[in-house]
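Contents: one structure, followed by commentary.
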Amino acid sequence: MDRREFIKLTGTASIASFALTDLMSKVTPKARAQLTSTKYENYKIGQKIPTICPYCAGGCGLIVTTLNGNIIEVEGDPSHPINQGAACSKAAAAYQLFTSDRRISYPMKRTNPNKGMNEDPGWQQITWTEAYTIIANKVKDAMTGVPYTHGSDYYYNGKDNPISWLGSSYWNNEECYIARKLISLLGSNNVEHQARKCHASTVAALGSTFGFGAMTNHIIDAKNSKCFLIVSNPAESHSMEFKWVTEAIDNGATVIVLDPRFTRTAAKAHIYSRYRSGSEAAIFLGLIRYVLYEKPERVDESFLESRTNAPYQTDGTGPLTDWQTNSASIFGKLKALVNKYTPEEVERISGLPQAKLIQVADTFSSKKPGNIYYSMGTTQHSNATQTIRAHAILQLILGNMGKPGGGVNALRGISNVQGSTDMNLLAHLLMGYRGPPNNVGEIRRFQKWKNTAPDTRGGVAGGAIYPWASLDDAKVAGKVIEYRYDARHFPTWNSLEYHWGLYAGTWPGIDPESEPVVCDLPTVKGNPIIQLFRAINDGKIKVLICNGENPAVSVANVNFVREALSSQHLFTVVYEIFETETATYADILLPGTVQIERSGSITNTGRWIQWRWKAVEPKYERKPELTYLTELYQNIRSTLKAAGIMLPSEKYEEENSVQINRTIGTAVIENDPEATWPSSFLPLSSNDTLDSEEIAEAVFKETAAKSITVGGVSLPQAAANVLYKTGYDPDNPDYADVGGILPKRRDPTPADSEDEMYGYYKNWAFSWMLNQRVLYNINESNPGLKSFFVWFAMTPDTWLGLDRAAIWSKALYNSTKPATNPYYHGMPLHNEPVESPDSELAAEYPTMWDDRFAVEKGDATEYPIVLTTNRLAEHMQAGAMTRNLPWLVETHPEMFVEISRELATSINVTNGEYVIVKTARKPTGITVKASITDRMRPITVNGKTIHQAAMPWHWGFKGLSTGPSANELTMDAVDAAAQIPETKTCLCNIVKA
């Protein structure tokens, strides 16, 4: 069976049409015999259990058939509204993922002290008890001597903590939440996961423009679009999502695709053009210019006036009555800023032909609602936040926001990367996109805030209260920024005090200005992913616990990562399903479970929170994640306490002979994390049986509770994660059948006529916030948060209300920067990548990279070719979940580089021959096969011919299929706002091997 037949038979078959007689005519005699075998008979009588696909973030439904505790089949769920029974090539191979004999089965420890990609770890099987004991003692050794006092104040500095945590976007929400809880209890904010490398710039850009850093619409909503502007390749990377694009095409929608490669998505486009990777901002600024200058009648002035800060000045004056023509208005400043991005200039920068830019601009601006789809090709640049801001501004001026069929729609790449981001497994956030305390001043204000309503917040009656009773009071004091910050963060800190069994404030709390600060929440932002591995190399990080993540393949300039992982001072724990490249460097390797071996919720790219049901029990000694996390916490915690290493509040109690507690209503609450582990809804003693499904439900309730009564009063913020609030609503009789856990709902019945018209599916699962399906849609019935809410607004003394999107962004404004930097304007500009192929453009549009740490840079004289990376339909991210599956390895067996015929001729290479691809990060290069294809073509940039090359980044040195990693070549400089590395653009040279 060839690759095309495989995908036809496994990747697109709907259960509804999967009749055995239809299939039998298409398969070989051997396959026909298999379908009439005992396996097929077992399939007919087996139990059918719904789950959600573990691969991309589409949130497609799968049906797992089991019999006698074994998996018989995995197929698309015909009842699921997103994929309607269809399955992509990866999902069709999920059976092999779940049943693979290559999976890790037992805990193991390393016996070879030397670490490296060519070193055999010498694994020795051990017990879980032994593993936990080793880990706990290493954490204890690293934590010994870490300061918990700073003068008279008691707290941990979360960045200076030697314990670090990675992962994972493949975990369920409850597992991610508990992981953030665990590392916080250790006093560390050195926690990261895949989202930093994938969509950190999305959060920075959309959050500072709209309020939320998420996909604004949802998967099915694509059917309501009249025009698509796609700057990614969803036909391969998000196949089932693209199914809804094709439905829109059938209904008359127009598809525009811009991509350096001619992709399968481009093959479905009505308009396509290639361009230079790294010039995306210039293109979108050119599109904005076209609308403002050439088609001003298409500007949605009513929308801009009522729902954005366009009519205001940057000092908050306004709205101006003549904002459309007044150069002092934000709209006027935007118009002046984009004027230089003419079709001619955009072509000079990007290589996208003038006529094509005009065609794209004219088409997209004339067909409303228009939908922008983007993914890694946009997010992984040193100016990515600015590019995505340009996406958002284009949609605002066209009025394509907050309505079905419109939006700025980030296609996230891992099954729960939205949920893991929501649960803030990130160094700069704590929970629900609220950050940790930055300084003791904030903690002192927090104590005063609690004292202002002591009965519900657990403050001290009669203690000093919060200084500003209203926004107006804060204005008078010149403290509006602080007031807004506190209103956003303090309720979540207060909620975490209750749910995590912590204390944060001053003690005894009566006089917060002069009392000692006692704070169990780790303070200060930690190290983002690139800086984290530099901290390891510098000896600052002593323990790395890596779960369901493979940085030895996935991080830019992976050579540096592998060097860090080889450090003798670093103790590394890897919890995985396969022995990955990162596992090769581990000291302890632990066997994890696959998604159908445990229950929990998962949030797709469109913010739908859906439930996964456990289908089978884990085999061998594999432990479900929630069991592993609970036992890991219990072992580390008991070992640390025995060594006198405790929470800051516990140390304060011990050293000052006091008992810290809070009173809520009539209840006295002590700081005791054991009493709330793993959940305040299900505290466990060390003797309790750990039922992972029961834990999952309890943890979800903690994150999403609509209300909680303590001591006879209601908590100000019941849900630990404010985004998920009301996702658990046990008092509503409509949800009795799912125990009040709304993600378990599987009712496709429309909630009303609007739901039926647009395909919201509001009775299916739950979406944040408050089940709203199209963010910022003021017309959606029963909406969650209708409006934009850029909370930091514009100036300290002006408040525009919670209803305006930020074309000019206060958060991304810094007047001390040079005029060539977007921060100087508070609006996007084009800036060249760190490695530009043209020195003139590099001087005219200097990179935003600020040399905050050293990186190896090349120039076009030595490395004249632009290199980008891409994904394949048959492989997943760093490859462990696909390169270990025979079906998928057969369809795409090896690493390669795509080059144009013209480039191949110039280096005298024929198709299938080996070439060496070199960059400044890897001057010796990596050797791969050349795929010579018309998918790549030369372009003209600033009057010069520029060649581009593309490489998939899924390969590494472990698995059924191995090969060099593209990230051995890529650039590890980062975006200034989001700390995401510039994986998508660098310079290379290619020579015949």
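First residue of the sequence shown: 67, per the working numbering; consecutive thereafter.
We put the beta carbon where it would ideally sit given N, CA and C, even for glycine.
Remember, it's a predicted structure, so these values are computed and weren't measured experimentally.
CB contact flag (residue i, residue j, <8 Å)
i: Glu1034; j: Arg987; result: yes
i: Thr572; j: Arg510; result: yes
i: Ile170; j: Ile654; result: no
i: Lys591; j: Gly710; result: no
i: Ala159; j: Leu951; result: yes
i: Lys772; j: Ala784; result: yes
i: Val1104; j: Glu240; result: Given a span of 67 to 1059 for the chain in the structure shown, any question on residue 1104 remains unanswerable.
i: Lys995; j: Glu960; result: yes
i: Ala197; j: Pro228; result: no
i: Val483; j: Ala261; result: yes
i: Lys608; j: Ala208; result: yes
i: Cys293; j: Thr444; result: no
i: Lys516; j: Trp534; result: no
i: Gln1014; j: Thr934; result: yes
i: Lys433; j: Asn466; result: no
DSSP three-state assignment for residue i, whether helix, strand or coil
i: Pro930; result: coil
i: Pro578; result: coil
i: His555; result: helix
i: Tyr889; result: helix
i: Gly529; result: coil
i: Val921; result: coil
i: Ile111; result: helix
i: Gly507; result: helix
i: Ala1016; result: strand
i: Ser746; result: coil
i: His216; result: strand
i: Met183; result: coil
i: Thr646; result: coil
i: Glu413; result: helix
i: Gly991; result: strand
i: Val900; result: coil
Pairwise C-alpha distance: residue j and residue i
i: Arg918; j: Asn593; result: 13 Å
i: Lys984; j: Val975; result: 16 Å
i: Glu1048; j: Pro799; result: 50 Å
i: Ser305; j: Gly125; result: 12 Å
i: Ser620; j: Val1007; result: 30 Å
i: Gly777; j: Ile730; result: 6 Å
i: Arg28; j: Pro796; result: Residue 28 is absent from the structure shown; the chain starts at 67 and stops at 1059.
i: Ala926; j: Thr1051; result: 13 Å
i: Thr453; j: Ile459; result: 10 Å
i: Asn897; j: Leu907; result: 9 Å
i: Ser704; j: Thr268; result: 40 Å
i: Arg673; j: Trp834; result: 6 Å
i: Asp88; j: Asn1055; result: With a pLDDT of 45 at Asp88, under the threshold of 50, the modelled position of that residue is not reliable, and the figure given next carries that caveat. Their backbone Cα atoms lie some 50 Å apart in a straight line.
i: Pro557; j: Ala817; result: 32 Å
i: Thr990; j: Tyr236; result: 34 Å
i: Gln700; j: Ala319; result: 55 Å
i: Thr693; j: Pro684; result: 12 Å
i: Ala152; j: Asp366; result: 38 Å
i: Ala441; j: Ile668; result: Note that residue 441 is Ser in the sequence shown here, rather than Ala. Computed Cα separation, rounded: 20 Å.
Outcome for residue i when other beta-carbon atoms lying within 10 angstroms are tallied against a minimum of 16
i: Ala333; result: exposed
i: Ser345; result: buried
i: Val724; result: exposed
i: Asp388; result: exposed
i: Pro814; result: exposed
i: His447; result: buried
i: Pro894; result: buried
i: His336; result: exposed
i: Ile1062; result: As shown, the chain starts at 67 and ends at 1059. That puts residue 1062 outside it, with no answer to give.
i: His259; result: buried
Any beta strand (DSSP E) of 3 or more consecutive residues that is wholly inside the region 570-623:
570-572, 583-585 and 609-613
If you scan the region 226-284 from start to end, which runs of the alpha helix (DSSP H) of 4 or more residues do you find wholly inside it?
239-251, 261-264 and 266-275
Restricting to runs no shorter than 4 residues, where is the alpha helix (DSSP H) found entirely within the region 440-479?
442-445 and 450-463
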